[in-house]
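Remarks on the structure that follows.
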Ligand code: ATP
Ligand code: MG
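Residue numbers (the working numbering): 103 to 815.
What follows is the structure, encoded as structure tokens:
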């Protein structure tokens, strides 16, 4: 055994790593080394000869975490990590289904739909069934299907007592039939299908149970019912299920995750007590103290006590901006200052509760010329041009994929109008065949459609001759995509560069099974697209939602948008359970930071096209004030804006500098939400006037008079 494998572990970590070959639960707070323990345990099992690589199955939360685990293991030991099954639930289920596609009733080339594709498939179906999408909003239908699948129910098992739910169950059944016909599988289906495969097929389950003697799971608190049931099938009674988790970081209850699985594991596997790790190695003392104080406000916790010997470190910095844009400018200023002090940009993360918040941040970062990487927005595999190219590639591999066909049948434009597509859809419905089959069968006004069929056939004819990269290159050229983007003056250049990047990615792609390159490449792309996860790479500031930051750590972290209604999210405000989940999310956010933590909020924010005037998040007030250093109050309107104001509205500016939008400085006003106050400042002109009011109860606020209901009193 490599001598230093266990060096540096504390006694509890050591106990967990060298736990005998039976089930265990490690229950410990953020940054206490759970992931490290899990990885080291695998290395320990292998190096002591207690386990062979083939007997290891490890579930991580993201593809990136899986890759990291593999890299670390190879660095610790000379071991072939490919024999181990390390991946996410989705990744591992996919691997299982690829091997046993026949038993699972899937075509060999089944394709995975990401959530966007699933939504368009449901929209299409609702139209086809001639239902109203007001009565059956596609998003809700998707939610209904997924939550049932995640609970292990197919359409025929749905508890439908009222007519509306019965109708939803019918849509669910029709949706499954559509997926089956087209050879596509959504994310929830991957899990359900893999679960059913093993539960139906005892011989297969026994085979895997005998193989995977060690099943290890990270972030166990976020497993849902179906995932736990799947693990139980694999681990059986006799194998060792080794799970690590933190109930305080359970942030996926809204998607059906069940903290209760931790208690079930103790009971189901006869584990007497969880192993607890109490020393935090990640965060400086003040950051940890803030996290501890915050999470203590939740009840029903399993309880733990985290400490550190790292010293207090710096105070937590709090900044209250007058607007979202100004908050973004603040972030840029600090990032620049930190970079000057020698921080790597990639060691800094800006976190937000909801994706919509990134717009203001991105805008400021672009202006400031700061390199950044954003996750959860449009990532590589979600870009239009990449989706188009991949849709062609899908048709090459399985032409019955209706989503793919609809995406590109008229891209680039080839005179196949909406009417022709409707005719095709009608034919497919009447004959119960896929769009591709309907297109091949010929019929009404098919000149252009026939041309499209020939194009796809001609690409398919090449698939055995060309390798993956050549195939993609051919697809881009022959489909006309390249020509289309060459003619696009606006974004064409960038899109072409991305398409070239796709060819590059394909060049480096190695398939597990010869002949399956196209299918495996598409699968990898879908799995990546479904994940909101940061990627290592050039030195760039990391932007992501708090959910996406789980398990990661950064030297410096900005938690932005700490406002009531945003974080905690407005949907959670009326519900205690929801609020507690938001608090756990805040706990996750705080505990990502090693050395420096910024908290920020804004007094006005544009969100979903509306101006809001929120109050500061309760989570800020739940932190011990002694740990917090409030940075100077919002800056007055920047000089540039003042100048613009003087230029644009000289009459107003010069004649009545102290008045704005009917209000004058010093005037008493009242606001529906903030109550009484006094106008202290103003900026802007014409229709765009903002005034700063000092409210008796809520302090200083900037209000945009276009939206704020302010009245004189
Ligand atoms: P989270 O709950 O956020 O997923 P975690 O419990 O999985 O956190 P890790 O990510 O495994 O924690 O560890 C946090 C940090 O502490 C990592 O940088 C890790 O390398 C370091 N660490 C863990 N154990 C030790 C130790 N015994 N000595 C030094 N550093 C350690
Ligand atoms: Mg971890």
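Yeah, the Cβ is synthetic: ideal placement off N, Cα and C, and Gly gets one too.
Distance CB(residue i)-CB(residue j) smaller than 8 Å
i: residue 726; j: residue 395; result: yes
i: residue 363; j: residue 322; result: yes
i: residue 437; j: residue 125; result: no
i: residue 426; j: residue 646; result: no
i: residue 324; j: residue 354; result: yes
i: residue 270; j: residue 244; result: no
i: residue 296; j: residue 148; result: no
i: residue 336; j: residue 206; result: no
i: residue 604; j: residue 488; result: yes
i: residue 171; j: residue 153; result: no
i: residue 794; j: residue 807; result: no
i: residue 58; j: residue 515; result: Missing from the structure shown is residue 58; the chain here goes from 103 to 815 and no further.
i: residue 731; j: residue 418; result: yes
i: residue 713; j: residue 587; result: no
Residue i classed as buried or exposed, judged by whether at least 16 other C-beta atoms fall within 10 angstroms
i: residue 109; result: exposed
i: residue 745; result: In this predicted model, residue 745 has a pLDDT of only 33, less than 50, meaning its place in the structure is not dependable; the value taken from the coordinates is given anyway. Residue 745 comes out exposed.
i: residue 379; result: buried
i: residue 266; result: exposed
i: residue 459; result: buried
i: residue 705; result: buried
i: residue 660; result: buried
i: residue 799; result: exposed
i: residue 501; result: buried
i: residue 291; result: buried
i: residue 356; result: exposed
i: residue 675; result: exposed
i: residue 113; result: exposed
i: residue 749; result: Since pLDDT at residue 749 reaches only 34, below the 50 mark, its modelled position is unreliable, and the value read off the structure follows with that caveat. So residue 749 ends up on the exposed side.
i: residue 556; result: exposed
i: residue 444; result: exposed
i: residue 534; result: exposed
Which listed residue (the options) has its alpha carbon closest to that of residue i
i: residue 318; options: 192, 350, 187; result: 187
i: residue 384; options: 407, 666, 134; result: 134
i: residue 447; options: 431, 352, 720, 642; result: 642
i: residue 253; options: 343, 270, 360; result: 360
i: residue 629; options: 196, 715, 366, 400; result: 196
i: residue 189; options: 502, 172, 566, 168; result: 168
i: residue 132; options: 409, 192, 475; result: 409
i: residue 211; options: 772, 814, 623, 544; result: 623
i: residue 119; options: 130, 127, 142; result: 142
i: residue 274; options: 283, 294, 224; result: 224
i: residue 784; options: 207, 294, 350, 424; result: 424
i: residue 497; options: 307, 486, 581; result: 581
i: residue 429; options: 606, 454, 777; result: 454
i: residue 358; options: 247, 520, 530, 804; result: 247
i: residue 327; options: 255, 264, 341, 306; result: 255
i: residue 687; options: 535, 175, 350, 345; result: 350
i: residue 689; options: 722, 673, 667; result: 722
i: residue 257; options: 264, 180, 669, 277; result: 277
i: residue 285; options: 208, 614, 525; result: 208
i: residue 251; options: 302, 287, 162; result: 287
i: residue 601; options: 589, 584, 469; result: 584
Element boundaries [alpha helix (DSSP H), containing residue i]
i: residue 264; result: Where residue 264 is concerned, there is no enclosing alpha helix (DSSP H), given that its DSSP letter is neither H nor E.
i: residue 121; result: That residue, residue 121, is in no alpha helix (DSSP H); it is neither H nor E in DSSP.
i: residue 309; result: 304 to 313
i: residue 689; result: 678 to 692
i: residue 191; result: 191 to 201
i: residue 587; result: 583 to 588
i: residue 218; result: 217 to 230
i: residue 772; result: Counting along the chain, residue 772 falls outside any alpha helix (DSSP H), though it belongs to the beta strand (DSSP E) covering 770 to 773.
i: residue 575; result: 570 to 580
Any non-hydrogen atom of the ligand ZN closer than 7 Å to residue i Cβ
i: residue 348; result: With respect to small molecules bound, the structure shown includes the ligand ATP and the ligand MG and not the ligand ZN.
Contact belief for residue i with residue j at Cβ below 8 Å, rounded distance in angstroms
i: residue 561; j: residue 577; result: 6 Å
i: residue 658; j: residue 698; result: 4 Å
i: residue 139; j: residue 346; result: 6 Å
i: residue 797; j: residue 778; result: 7 Å
Boundaries of the beta strand (DSSP E) in which residue i is found, first to last residue
i: residue 245; result: Residue 245 -> not in any beta strand (DSSP E); alpha helix (DSSP H) instead, spanning 240 to 252.
i: residue 383; result: From DSSP, residue 383 is part of no beta strand (DSSP E); its letter is neither H nor E.
i: residue 399; result: Counting along the chain, residue 399 falls outside any beta strand (DSSP E), and DSSP gives it neither H nor E.
i: residue 697; result: 695 to 704
i: residue 732; result: 730 to 732
Closer than 8 Å to chain C by CB, residue i
i: residue 154; result: No chain C is part of this structure, which consists of one protein chain only.
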